Amino acid sequence: MIFPGLKVQAATTDDLQQKSQEMLQKRQEAAAAEKKASQKETEANRLQDQVKKLDQEINVTEKKITDTGSQITQTTSDINLTSQDISQRQKELDAEQQRLREILITIYKTGNRSLIWRLLANRSLSDFLNQQQYIESLELKTESLIQKISTVKKQLEEQKKQLEDKKQNLDQLKNQQENYQKGLESNKTTKEKLKAQAIMSAAEYKKQADAAAKAAAQLQNELISLQKSIGKKGAIGLPKGALYGTKVKTGDIIGYEGSTGMSTGPHLHFAVLENSAFKDPIGYLGGKLAWPIGERTSRYSNGISQTFGCTDLAIEPYNSACSEGHFHYGLDIVAEGGSGSAVGAAADGEVIGDGWNAGGYGHYIVIDHGNNLWTLYGHLL
């Protein structure tokens, strides 16, 4: 029969105490390794979340770079078109200004002659009037050209200003593009570092998990080796304390509730083994077995502070089949009166173990009820 954390050996009290300390250390190492493994797993998940977030930021930045590139292309095209338009407008302006100069020269030359001279210079009054109308038409053209030149100049100045604005916008877009690119490269570098850290954390997690599993396996192997030493009842190998060999009846006081050994507070650890396998005591209490504590605290259902089965309590034995990592092989029962309350035998039988286990049950009693049914009572005073 194996009791988790129980050192089963036919040896001296000193040997038992030493073995208890060794087993306690192994259990503590396994618990510490498992805690470290859990931390590393959490860290790896956190790093992976950061990598996913960076991936999202990288995608957004890449889209910004693409959009900005399109804006740069469009702005460059607009600048080229505006430059061409300005060049054409400048040619138009130059041509109109040349026409204006020619007209002004003509007006100047004609206008400087006296009215009498022009009248005498023409062969007829009709020629004179035609020349006079021509001069007037030139003056009208001059006024029209001046207005047109003024308009073209204004348009040209506006287009040049637009061109400068577009060039400034292009410079800003290029700077923005460069910043986006730098941010992208930075995010990619950070991403690769985080991925490497996550891989390292995952590897360390695996290492820590293996360490915990090996420690637990070593503990289990030692318990199995000790189990093989169990023979007939007379050579059971369990510690032979004061009650060893005592015949007991149901309800006989075999000890008192305490918190000895590895305990979180006053309670009775009650375990049941049948055919060398741990069983949930709930299936036996009130039937084959009586409650070892009569008046149980109302703070818990039936006074049970910890049930049989998987648990996340690191002080309990490691069990790879449990998602929580540990297994509680009995019930923790709390008496209404607390520490010092009487603990009775759950059924008729014989005390085959009365000993001390500093790293586990503290002071414990084991009773053989016959038909391969045993009960264990731990953390007694």
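Just remember that this note's numbering sits 799 ahead of the position in the sequence shown, which is counted from 1.
Even for Gly, the Cβ is constructed at its ideal location relative to N, Cα and C.
Everything numeric in this text was worked out from a predicted model, so none of it was measured.
For G1177, which residues of its own chain have a beta-carbon under 6 Å away from its beta-carbon, when the five flanking residues on both sides are left out?
These residues qualify, in order along the chain: H1068, Y1160 and Y1163.
Suppose you measure from the CA of G1154 to the CA of Q847; what does that come to, to the nearest Å?
Near 50 Å, if we compare the C-alpha coordinates of Q847 and G1154.
If you compare alpha carbons, which of E1149, R1095, L1084 and G1139 is closest to E1056?
Per the Cα distances, G1139.
So who's on the other strand from E1149, going by DSSP bridges?
Its beta-bridge partners are K1046 and D1167.
Of the residues H1066, S1104 and Q975, which one's Cα is nearest the Cα of L1141?
Correcting the residue type first, residue 1141 is Ala in the shown sequence and not Leu. Ranking the options by Cα distance to A1141, first place goes to H1066.
Output needed for K1048: all residues of its chain with C-beta closer than 8 Å, excluding positions within five of it in sequence on either side, in chain order.
The answer, listed in chain order, is A1144 and D1147.
Spell out whether any CB of chain C is found under 8 Å from the CB atom of D1131.
This model lacks chain C altogether; it includes just one protein chain.
Report the three-state DSSP secondary structure of A894 (helix, strand or coil).
DSSP places A894 in helix when its eight states are reduced to three.
May I ask you to report which of helix, strand or coil DSSP gives S949?
Note: S949 maps to helix in three-state DSSP.
How many Å lie between N1156 and L1180 at the Cα?
Taking the straight line joining both Cα atoms gives about 12 Å.
Measuring straight from C-alpha to C-alpha, what distance separates D970 and T867?
Their Cα atoms are separated by approximately 12 Å.
In whole angstroms, what separates the C-alpha of V1133 from that of Y1099?
Near 8 Å, if we compare the C-alpha coordinates of Y1099 and V1133.
Given that a residue counts as buried once 16 or more other Cβ atoms are within 10 Å of its Cβ, and exposed if not, what is V859?
It is exposed - the Cβ of V859 has fewer than 16 other Cβ atoms within 10 Å.
From the DSSP output, which residues share a beta bridge with G1124?
Bridge partners of G1124: none, in fact.
Would you kindly report the start and end of the unbroken beta strand (DSSP E) that includes A1134?
A1134 -> no beta strand (DSSP E), and no H or E assigned at all.
Kindly identify the DSSP beta-bridge partner or partners of Q889.
Per DSSP, none; premise fails for Q889.
Expressed to the nearest angstrom, what Euclidean distance is found between the alpha-carbon atoms of E1149 and N1074?
Cα to Cα, E1149 sits roughly 17 Å from N1074.
Do you know whose CA, among T841, F1126 and Q980, lies nearest T757's CA?
Outside the shown range of the chain (800 to 1180) lies residue 757, about which nothing can therefore be said.
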